[in-house]
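Following: one structure in structure tokens, then a few remarks.
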Amino acid sequence: MTSFKISTYEDIPVETPVEEIPSLVARVKAGYTSYKTLPLSFRREQLRNLYYALYDNQDLLYQTLMQDLHKCPHEINMMETFQTFTEILWLIENLDDLAAPKPIPGSPLALKLASIRLTRQAFGTVLIISPWNYPIVLSVLPIASALAAGNTIVYKPSEMCEHTSRALVKILSEALDPSVFVSITGGVPQSTAVLKLPFDKIMYTGNGVVGRIVARAAAEHLTPTILELGGKSPVVVTATANLKIAARRILWGKRANAGQTCVAPDYLLVDKKVHKDFLAALKVAYHEFNAGLTAESHDDYSDIINGRHFARIKAYLDNTKGSVVLGGNYDEKTLFFPTTIVDGVTASDSLLKEEIFGPLLGIITYTELSEAVNFITSEHDTPLALYIFSTSKREQNFILDRVRCGGVSINETLMHLTAPQAPFGGVGESGHGAYHGINGFRAFSHERTVLSQPAIVESALNVRYPPYSLSKSKQYNLMSGPPANPYPREGPVVVGGVFKQLLSKGLWVVVLLVGLVYSRKFW
Ligand code: NAD
240 MTSFKISTYE
250 DIPVETPVEE
260 IPSLVARVKA
270 GYTSYKTLPL
280 SFRREQLRNL
290 YYALYDNQDL
300 LYQTLMQDLH
310 KCPHEINMME
320 TFQTFTEILW
330 LIENLDDLAA
340 PKPIPGSPLA
350 LKLASIRLTR
360 QAFGTVLIIS
370 PWNYPIVLSV
380 LPIASALAAG
390 NTIVYKPSEM
400 CEHTSRALVK
410 ILSEALDPSV
420 FVSITGGVPQ
430 STAVLKLPFD
440 KIMYTGNGVV
450 GRIVARAAAE
460 HLTPTILELG
470 GKSPVVVTAT
480 ANLKIAARRI
490 LWGKRANAGQ
500 TCVAPDYLLV
510 DKKVHKDFLA
520 ALKVAYHEFN
530 AGLTAESHDD
540 YSDIINGRHF
550 ARIKAYLDNT
560 KGSVVLGGNY
570 DEKTLFFPTT
580 IVDGVTASDS
590 LLKEEIFGPL
600 LGIITYTELS
610 EAVNFITSEH
620 DTPLALYIFS
630 TSKREQNFIL
640 DRVRCGGVSI
650 NETLMHLTAP
660 QAPFGGVGES
670 GHGAYHGING
680 FRAFSHERTV
690 LSQPAIVESA
700 LNVRYPPYSL
710 SKSKQYNLMS
720 GPPANPYPRE
730 GPVVVGGVFK
740 QLLSKGLWVV
750 VLLVGLVYSR
760 KFW
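Printed below as a string of structure tokens:
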């Protein structure tokens, strides 16, 4: 039985020599035009290899993530490997259906006998640039989707989690065909060099500043992009919320990976009426989750990725006008920074300037729900995630209708992005494009219409050929005139007529019951 277990990744260079990049990219471009990825059996085998390569090297990835981020295996399993394995298996199982042409219904008369199909065709060679915070899932999910859709891939992992990136490069290179997959390691020089080359699609996951650099470089070659960015994801806690559950779920969402999560709760908007009780609930949950957690002993808690990010987060805390109610006992030497709750922050606070992307959580209070909504839409519009803690459907809908964002969890944090078939992606400042499940396959393939017209309709089509004449015009209008318009110029636009309205509103049940009662008179 083939094992993909690797003994070392020391042979993977920290930085790919910049001058080698064009020839590496050319290799997988040639791989695409060799049409090797056309057979679904080939793609399935690649996905199968990808699965086993990751499976066989889980222990190594635990080690490297411990080195890079002090991330614990339980969190890696919950937040990275579980989803990664599930997604690869789902793609293998559903590839036939995903790749199968889909008939397009509703043809006009001239196309009645034609076959019209939607086919999904690989873009070609795609570039995938990944970040450091969840390096396995944020690399492998895009790679698996791109492979399933039949693309060849250039993969650029993050230089910030050097050990995991090099290990991943080695593991993936062992598993995947070298003519369809190539990796480029390193930082800005390598990214800059690779972005100069033309690709057929680029997926970038990371911060918005670099997102803009990527989008500009892509525009040079008219390359479409998927930008998975971040933002300040708000949490609204209304007076109807179950405060104990809210406190636990918010803290868990913030504590994961020491807050270095793109969808981590970034700030809290809490109804004044429950502010005191909510703080009390936060304190209980905080002490339960963090009992005995210190700089010297924090086995299940990630470190901050590096000194630069530590200094950035520390500066937010040093400059806050709010008061620290929980945490704050960081240790610069070990990069340990516990979840820290800061109460009484306002719009101008240091905690409300940029995405925190760390363990700080500021609390703002509001009196009316509309105040909370206005705050989000005017200060930090289009965040990647929105969290609503409320048991009132009216309140939930009030917020949902007014806040634009990538995705939402209600009475929960983070979990919406683990729903395997749900699109995951941002909007506006948090990016564009989505993946996961069928959405990933779609993201990496062009939806192409394929029409095939049979010869038998030729005489019917004669009407379209020149020379044009009045009789051809009349014939054409008879065959394909515009459809009758059922909508009057004024008044409400009612679709489908009275009967359809009744049906859609379930009124038919009432009509049926009334009919039955009435008909009893005649029994
Ligand atoms: P990072 O520093 O690892 O950068 C991401 C990638 O961009 C790396 O591969 C890096 O080499 C490359 N890069 C850096 N500078 C570049 C440049 N000048 N030109 C081209 N490429 C360059 O990661 P990061 O940006 O610190 O990640 C954190 C951010 O990413 C946060 O804003 C977070 O919210 C966001 N994020 C979003 C998602 C998502 O799925 N939407 C997931 C994770 C992180």
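In the working numbering, the protein residues as written are 240 to 762.
Ideal Cβ placement from N, Cα and C applies to all residues, glycine included.
Query: Through-space distance from residue 603 to residue 586, alpha-carbon basis; Result: 8 Å
Query: Within 8 Å, strictly: CB atoms of residue 296 and residue 243; Result: yes
Query: Any non-hydrogen atom of the ligand NAD closer than 7 Å to residue 445 Cβ; Result: yes
Query: Residue 694 versus residue 274: straight-line alpha-carbon distance, rounded; Result: 31 Å
Query: Contact test: residue 395 Cβ vs the ligand NAD heavy atom, cutoff 7 Å; Result: yes
Query: In DSSP terms, what residue 627 is bridged to; Result: 475, 649
Query: CB contact flag (residue 438, residue 502, <8 Å); Result: no
Query: Same chain, Cβ closer than 7 Å to residue 329, neighbours up to 5 away in sequence not counted; Result: 659, 676
Query: Every unbroken beta strand (DSSP E) inside the segment 357-382 [3 residues or more]; Result: 364-368
Query: Closest Cα partner of residue 674 within the set 369, 293, 380; Result: 380
Query: Secondary structure of residue 342, DSSP reduced to three states; Result: strand
Query: Residue 446 versus 584, 362, 276, 622, residue with shortest Cα-Cα distance; Result: 622
Query: Contact test: residue 501 Cβ vs the ligand NAD heavy atom, cutoff 7 Å; Result: yes
Query: Pair within 8 Å by beta-carbon distance, residue 434 and residue 458; Result: no
Query: Nearest candidate by alpha-carbon position, reference residue 490, set 507, 479, 477, 480; Result: 507
Query: Where residue 727 falls, given that 16 or more other Cβ within 10 Å makes a residue buried; Result: exposed
Query: Distance cut-off 7 Å: residue 467 Cβ against heavy atoms of the ligand NAD; Result: yes
Query: Selection from 631, 559, 646, 395 that minimises the alpha carbon distance to residue 481; Result: 631
Query: Pair within 8 Å by beta-carbon distance, residue 504 and residue 565; Result: no
Query: From 351, 441, 340, residue whose alpha carbon lies closest to that of residue 686; Result: 340
Query: 8 Å Cβ cutoff met for residue 303 and residue 403; Result: yes
Query: Under 8 Å between C-beta atoms of residue 407 and residue 670; Result: no
Query: Short Cβ contact (8 Å threshold) for residue 684 with residue 360; Result: yes
Query: Cβ neighbours of residue 269 in the same chain (closer than 8 Å, five flanking residues each side left out); Result: 418
Query: Reduced DSSP secondary structure (H/G/I, E/B, other) of residue 465; Result: strand
Query: Cα-Cα separation, residue 540 to residue 515; Result: 28 Å
Query: Inter-residue Cα distance where the pair is residue 499 and residue 464; Result: 24 Å
Query: beta-carbon residue 337 near the ligand NAD non-hydrogen atom, thresh 7 Å; Result: no
Query: Extent of the continuous beta strand (DSSP E) run through residue 440; Result: 440-444
Query: Cβ neighbour criterion (16 or more within 10 Å) applied to residue 654; Result: exposed
Query: For residue 702 and residue 649, the rounded distance between their alpha carbons; Result: 57 Å
Query: Spatial neighbours of residue 442 in its chain, beta-carbon cut-off 6 Å, leaving aside the 5 residues before and after; Result: 367, 381, 465
Query: Alpha helix (DSSP H) segment containing residue 553, residue limits; Result: 546-557
Query: Residue 670 beta carbon near the ligand NAD (any heavy atom closer than 7 Å); Result: yes
Query: contact_flag[the segment 627-644, the segment 606-616] where n(CB pairs < 8 Å) is 3 or more; Result: yes
Query: Distance cut-off 7 Å: residue 596 Cβ against heavy atoms of the ligand NAD; Result: yes
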